[in-house]
Amino acid sequence: MSSPTFALTVPNNGNGIIGGGHAGYNFQTGQFVYKIEADIAATSIGDTYAIPPPFTPGTFGTEKLNWEGSLRGRLGIAAGTALFYGTGGWGLWQLYRLLQWSS
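Spelled out as structure tokens, the structure:
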């Protein structure tokens with residue numbers, strides 16, 4: 185026997201503040217330009233909302249983004265005053281979710 189599956193739409197009106205830092209370094213060898221950069225930020229962004237039926241009245245959800253950050257690299261070719269480049273990297277975050285209900 186399988187559990188019922190359904191989609192649930194809830195409002196998400198999170199607000200808060202975010203603050204952090206960003207650091208990077210560029211270097212060039214001939215016409216080739218390289219860069220590595222990283223950033224990290226702590227946040228207080230979050231929201232608590234009521235979960236609609238079919239859940240029991242008094243069911244609430246809470247979401248909070250605790251931190252986010254990224255690490256990126258860049259490779260480019262300098263041509264006069266122009267720079268042609270590609271970039272790529274990873275983004276990470278910690279999102280906290282909690283469901284609460286009264287019985």
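According to our numbering, the sequence shown is numbered sequentially starting from 185.
Note that the Cβ used here is the ideal one computed from N, Cα and C, for glycine as well.
Best match in the options for proximity to residue i [C-alpha to C-alpha]
i, options, result
"W274", "F244, A207, L255", "L255"
"G272", "G257, W285, I261", "G257"
"S228", "A222, L249, Q215, T243", "L249"
"G260", "N199, A222, F211", "F211"
"E221", "A263, G200, G208", "G208"
Cβ-Cβ distance between residue i and residue j below 8 Å
i, j, result
"L267", "E252", "no"
"G198", "G230", "yes"
"F216", "W285", "no"
"L282", "T243", "no"
Cutoff 8 Å; reference residue i; Cβ partners in own chain excluding five residues on either side
i, result
"R226", "Residue 226 is actually Ala in this sequence, not Arg. Only I202, G203, G204, N250, W251 meet the Cβ criterion."
"G270", "R258, L259, G260"
"L279", "E247, K248, L249, N250"
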